[in-house]
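S.K.:
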Amino acid sequence: MRYQSILVAALCMFGFAKSSDCNERFNQKDLKTVNNIANELDISPCVAGDVFDYMNKAHQFSYRKILSKEECNTGCKNEAKRLNGLDENTINELINICESKCILDNIEITSNFQNESEFINLEKRAPCDPISQANVSLVKSNYNYGYNQYQDKGTKKTALSNVNGCGPKSKVMGIDADTIKKIPFLLDGTFEPACNMHDICYVCQKGKSTCDTRFKDGMMSICNKKYSTKKHPIKNAGCKVQAELFYKAVDLGGKNAYNGKPVNTGANCAACGVTVIKNTLVSTPFYVKK
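Residues are numbered in our numbering as their position in the sequence shown, beginning at 1, plus a constant of 250.
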């Protein structure tokens, strides 16, 4: 059966078989994705079917707990050798997506904030600045990807002043540098609005799990806005793999970060009491003008 599949794929590649023959293993939903891949990469539906299979294989690798990260990476490279009719850059992009999935179960998290009682004491000492002296101004609607841009312009600072985007490029949320290299969308600012929302949500103590879930949803939304699943299914998939990777990092290691920036979260305090913060920015991705 395996040899028959190879033969049909080869015949299809050289134009001697119908694309429906080599892709008959797919259901209608998957076949639609295969056709989108073919359009994005300008390749035959048969080759696109192989790409689809490879991406599924990458998914299987990432959930096989018996594989180490190194073994998983090796599997990604070996399976990629089966891909024919693709340029080197595309193959490398697919390998990177696969290897990013390998990292999902191998993230090492580090943090220095260990004493939870220390956080409680810091929060108690945080001042409650008058909300009347706070002002978060809308700078531009639909600044990018349909998200607004805001600026902290009051005499008293709000939680917006604590926003650090996706953090420093050398180390983000305790993720090691090698892992960060696997999340280029983290470094190029793609996920910035979701990171800003996540910062505000953490600072205003809206619940770690709630904030992390909103963060993941925000990144997924950005991926869909930047790369449509119809025109750019490969890039969309790559973006979402990296979003999953970043989400898992904060989900596993974000507890100390959640406790690490205490402010007075009172409803009448400037930090989190401003209407646009408590009603919008804690749950909606946004940009910040410094």
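Yeah, the Cβ is synthetic: ideal placement off N, Cα and C, and Gly gets one too.
Can you tell me where the alpha helix (DSSP H) holding leucine 291 begins and where it ends?
M.R.: Here residue 291 is taken as the residue at index 41 of the sequence shown, counted from 1. Start and end: 278-291.
S.K.: Whole-angstrom Cβ separation of alanine 541 and alanine 384, contact assumed at under 8 Å?
M.R.: Lying before the first or after the last residue shown, residue 541 is absent from the chain, which here runs from 251 to 540.
S.K.: Distance, Cα to Cα, serine 382 vs alanine 376?
M.R.: The count along the sequence shown starts at 1 and reaches residue 382 at position 132. The count along the sequence shown starts at 1 and reaches residue 376 at position 126. Serine 382 and alanine 376: Cα-Cα distance of roughly 18 Å.
S.K.: Short check: CB of cysteine 489 to CB of lysine 476, under 8 Å?
M.R.: Walking along the sequence shown from the start, residue 489 turns up at place 239. Walking along the sequence shown from the start, residue 476 turns up at place 226. Yes, they are a contact pair.
S.K.: Closest by CA to isoleucine 472, which one among Cys322, Lys307 and Ala493?
M.R.: One-based indexing of the sequence shown puts residue 472 at position 222. Ranking the options by Cα distance to isoleucine 472, first place goes to Ala493.
S.K.: What residues in its chain sit with their C-beta under 8 Å from that of glutamate 442, if we drop five residues either side in the sequence?
M.R.: Within the sequence shown, the letter at position 192 stands for residue 442. So the qualifying residues of the chain are Gly415, Cys416 and Tyr537.
S.K.: Measure the beta-carbon distance from alanine 499 to phenylalanine 465 and round it to whole angstroms, keeping in mind my assumption that it falls under 8 Å.
M.R.: The residue you call residue 499 lines up with position 249 of the sequence shown. The residue you call residue 465 lines up with position 215 of the sequence shown. The Cβ separation is near 10 Å, so there is no contact.
S.K.: Assign asparagine 529 to one of three DSSP states: helix, strand, or coil.
M.R.: Along the sequence shown, read from residue 1 onward, the residue named residue 529 stands at position 279. Helix at asparagine 529.
S.K.: Can you give me the Cβ contacts of asparagine 365 inside the same chain, cut-off strictly under 6 Å, excluding the 5 residues immediately before and after it?
M.R.: Residue numbering aside, residue 365 sits at position 115 when the sequence shown is read from its first letter. Interpretation of asparagine 365 is limited by its pLDDT of 41, a score under 50 that renders its predicted location unreliable; the figure taken from the coordinates is listed afterwards. Residues of the same chain with their beta carbon placed closer than 6 Å to that of asparagine 365 are lacking, with the five preceding and five following residues left out of the count.
S.K.: Sort out for me which residues DSSP pairs cysteine 541 with in a bridge.
M.R.: Since the first residue shown for the chain is 251 and the last is 540, residue 541 is missing from the structure and cannot be characterised.
S.K.: Within 10 angstroms of the Cβ of asparagine 529, are there 16 or more other Cβ atoms? Answer buried if so, exposed if not.
M.R.: Position 279 of the sequence shown, counted from the first residue, corresponds to residue 529. By the neighbour-count rule (16 or more Cβ atoms within 10 Å), asparagine 529 is not buried but exposed.
S.K.: From the DSSP output, which residues share a beta bridge with lysine 390?
M.R.: Numbered from its first residue, the sequence shown carries residue 390 at position 140. For lysine 390, which the question treats as bridged, DSSP gives the partners Gln399.
S.K.: Determine the direct distance from the alpha carbon of leucine 531 to that of serine 387, and round the result to whole angstroms.
M.R.: Stepping through the sequence shown from its first residue, residue 387 is reached at position 137. Stepping through the sequence shown from its first residue, residue 531 is reached at position 281. One C-alpha to the other measures close to 12 Å.
S.K.: Buried or exposed: which applies to threonine 525, given that a residue is buried once 16 or more other Cβ atoms fall within 10 Å of its Cβ?
M.R.: Taking the first residue of the sequence shown as position 1, residue 525 is located at position 275. Exposed, because fewer than 16 other Cβ atoms sit within 10 Å of the Cβ of threonine 525.
S.K.: Does the segment 319-338 come within contact of the segment 276-288, defined as at least 3 CB pairs closer than 8 Å?
M.R.: no
S.K.: Three-state secondary structure (DSSP) at tyrosine 477?
M.R.: Along the sequence shown, read from residue 1 onward, the residue named residue 477 stands at position 227. In the structure shown, tyrosine 477 sits in coil (DSSP, three-state: anything other than H, G, I, E or B).
S.K.: Among the candidates Ala409, Ser318, Asp379 and Leu336, whose CA atom is the shortest distance from the CA of cysteine 352?
M.R.: Locating residue 352 in the sequence shown gives position 102, counting from the first residue. Checking every option, the nearest Cα to that of cysteine 352 belongs to Ser318.
S.K.: Quick one: using the 10 Å Cβ neighbour count with 16 as the cut-off for buried, is glycine 396 buried or exposed?
M.R.: Here residue 396 corresponds to residue number 146 of the sequence shown, with the count starting at 1. Exposed, since its Cβ has fewer than 16 Cβ neighbours within 10 Å.
S.K.: Specify the secondary structure class of valine 538 as computed by DSSP and reduced to three states.
M.R.: Within the sequence shown, residue 538 is the residue found at index 288, counting from 1. Correct three-state label for valine 538: strand.
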